[in-house]
Amino acid sequence: MSARALRKEEEESLLRRADDLCRENNLRLTPIRERVYRELVQSGGPVGAYDLVDRLSSDKKRLAPVTIYRALDFLRDAGLVHRLATQNSYVVSHGQPEMNAMKVMFVDAKTGETVEIHSAEVAEAVKKAAEQAGFKALSPFVEVEGEIAR
Numbered sequence: 356m357s358a359r360a361l362r363k364e365e366e367e368s369l370l371r372r373a374d375d376l377c378r379e380n381n382l383r384l385t386p387i388r389e390r391v392y393r394e395l396v397q398s399g400g401p402v403g404a405y406d407l408v409d410r411l412s413s414d415k416k417r418l419a420p421v422t423i424y425r426a427l428d429f430l431r432d433a434g435l436v437h438r439l440a441t442q443n444s445y446v447v448s449h450g451q452p453e454m455n456a457m458k459v460m461f462v463d464a465k466t467g468e469t470v471e472i473h474s475a476e477v478a479e480a481v482k483k484a485a486e487q488a489g490f491k492a493l494s495p496f497v498e499v500e501g502e503i504a505r
């Protein structure tokens, strides 16, 4: 199978997962939400909200940024995308971690390329640190900026 065919298969799998997740949780994947998600899937990496406005607007009608932000909020709350604070952008989530694990997103500071892993060890360390600080973590997500080793 070619790399392009494999990429297309992965895109279709992510789109099916989004549809299934929304159906299972009685969430509505409206046409604009689906368009935003599809654009993020096809981009293969982080994309800013205003870039999404530009990509999804037509010559005749420019989408309002608030429309894109609402779609992104829905997709984030549904667990389908992550907001990368270091890049001020959004990236597709590749699934939920197991019960005792946490998502760790490594972001290349130069290229914006991301690598997502799920780690029980990081989850345990964050839990212990939060307890020591008298803090309850709400978001099971860690973002680390640096350079991807080549």
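Sequential numbering of the sequence shown, starting at 356, is according to my numbering.
From the three backbone atoms N, C-alpha and C, an ideal C-beta is built for every residue, glycine too.
Local conformation of residue i per DSSP, three classes
i    : result
A492 : coil
K458 : strand
V372 : A small fix is needed here, since residue 372 is Arg in this sequence, not Val. The answer is helix: DSSP assigns R372 an H, G or I state.
R383 : coil
L418 : coil
R438 : strand
E453 : coil
A484 : helix
A478 : helix
A433 : coil
C-beta atoms of residue i and residue j nearer than 8 Å
i    : j    : result
A433 : L376 : yes
Q397 : E366 : yes
P420 : V408 : yes
L439 : E498 : yes
G403 : S444 : yes
K458 : F490 : no
M454 : E471 : no
T441 : E502 : no
A475 : A504 : no
V446 : L395 : yes
Buried/exposed call for residue i, threshold 16 Cβ in 10 Å
i    : result
I423 : buried
V462 : buried
P386 : exposed
E479 : exposed
Y392 : buried
A373 : buried
L493 : exposed
Residue i - partner residues in DSSP beta bridges
i    : result
I472 : V459
S444 : L439
G501 : D463
V402 : Y445
- Task: Determine contact between the stretch 424 to 436 and the stretch 461 to 473, defined as no fewer than three beta-carbon pairs at a distance below 8 Å.
- Result: no
- Message: Check whether the stretch 445 to 457 and the stretch 411 to 420 are in contact - that is, three or more C-beta pairs closer than 8 Å.
- Response: no
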